[in-house]
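Novice: The letter at position 112 of the sequence shown is residue 447 when you use my numbering, and the numbering goes up by one with no holes. Just so it is clear, CB atoms sit at the ideal spot from N, CA and C, and this is done for glycine as well. Pasting a structure here, questions to come.
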Amino acid sequence: MSKMQAILAEIGTVLGRVDPGAASETASLLAGNRRIFVAGEGRSGLMAKSFAMRMMHLGADIFVVGETITPSLAAGDILVAVSGSGTTKQVLWTAEKARELGCTVVAVTTDEKSPLGACASRVLLIPAATKYRREGEAESIQPLGSLFDQCVHLVLDAVCLEYAEIRSVDHQQAFQKHSNVE
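See the structure below:
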């Protein structure tokens with residue numbers, strides 16, 4: 336088996352363990368005309384930013400925590416917080432602050448019992464390997480949290496597809512919001 340086939344097999348195993356209704360339930364929550372914020376660090380943060388970009392194309396009012404143009408959080412907003420371990424300090428602090436402010440917190444993590452999972456209103460569970468390789472995590476030949484990040488990207492893309500369907504946004508409408516200065 337090639338390395339690429341092994342990676343695809345790992346991804347398939349993890350995605351096969353993700354709750355089949357998770358993407359549609361998350362999309363329904365996000366489709367409620369509320370502001371959405373995303374937070375994450377490292378590669379997980381890049382997955383969060385990738386999700387934010389696509390959701391913007393689909394018409395969501397969405398922001399990345401930590402960017403210079405991000406407004407303050409307010410009651411009723413939604414925070415999507417991405418951390419494989421559920422213990423990343425900055426992500427956890429942001430989630431705790433969002434919850435204090437009256438926001439809905441969606442944790443995207445491998446561990447629903449982690450501090451982030453415990454803080455969340457909803458957990459989008461991705462049962463993949465993290466950089467810590469804790470007991471019970473999926474096996475992976477890949478370094479660090481690569482498997483988690485790959486699966487997060489695909490699961491959040493599924494959320495985007497569900498969101499687009501709920502909001503009746505087609506490819507052409509999304510393309511209209513795509514950058515034209517690149």
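In this structure, does DSSP put Leu-393 in helix, strand or coil?
Specialist: Residue state, collapsed to three classes: coil.
Novice: Between Glu-472 and Val-458, is the Cβ-Cβ spacing less than 8 angstroms?
Specialist: Not in contact: Glu-472 and Val-458 (Cβ atoms no closer than 8 angstroms).
Novice: In this structure, how does DSSP classify Ala-453 when only helix, strand and coil are distinguished?
Specialist: Looking at Ala-453 - three-state DSSP - the assignment turns out to be helix.
Novice: Tell me which residues share the same chain as Val-400 and place their Cβ nearer than 6 angstroms to its Cβ, disregarding the 5 neighbours each side in the sequence.
Specialist: Contacts found: Phe-372, Ala-374, Thr-429.
Novice: Closer than 8 angstroms is the cut-off here; do at least three beta carbon pairs connect the region 477-486 with the region 394-414?
Specialist: At 8 angstroms Cβ cutoff, the stretches do not touch.
Novice: List the DSSP bridge partners of Leu-459.
Specialist: The partner list for Leu-459 (beta bridge, DSSP) reads Val-443.
Novice: Could you tell me whether any non-hydrogen atom of the ligand ADP is closer than 7 angstroms to the CB of Gln-340?
Specialist: In terms of ligand content, the structure shown is empty, and the ligand ADP therefore cannot be addressed.
Novice: Using the C-alpha atoms, what's the distance from Leu-343 back to Glu-470?
Specialist: Rounded to the nearest angstrom, the two C-alpha atoms are 22 angstroms apart.
Novice: Which class does Ile-501 belong to by DSSP, given the choice of helix, strand or coil?
Specialist: The answer is helix: DSSP assigns Ile-501 an H, G or I state.
Novice: Once DSSP output is grouped into helix, strand and coil, what is the label at Ala-416?
Specialist: The answer is strand: DSSP assigns Ala-416 an E or B state.
Novice: In the structure shown, what three-state DSSP assignment does Gly-356 receive?
Specialist: Three-state DSSP puts Gly-356 in coil, outside helix and strand.
Novice: Taking the alpha carbon of Thr-423 as the point to measure from, which residue in Val-353, Gly-377, Ile-501 has its own alpha carbon closest?
Specialist: When only C-alpha atoms are compared, the closest one is Gly-377.
Novice: CB Arg-502 to CB Ala-358, shorter than 8 angstroms?
Specialist: Against a cut-off of 8 angstroms, the Cβ pair of Ala-358 and Arg-502 comes out as no contact.
Novice: Run through DSSP, which three-state label would Ile-371 get?
Specialist: Of the three classes helix, strand and coil, the one that applies to Ile-371 here is strand, per DSSP.
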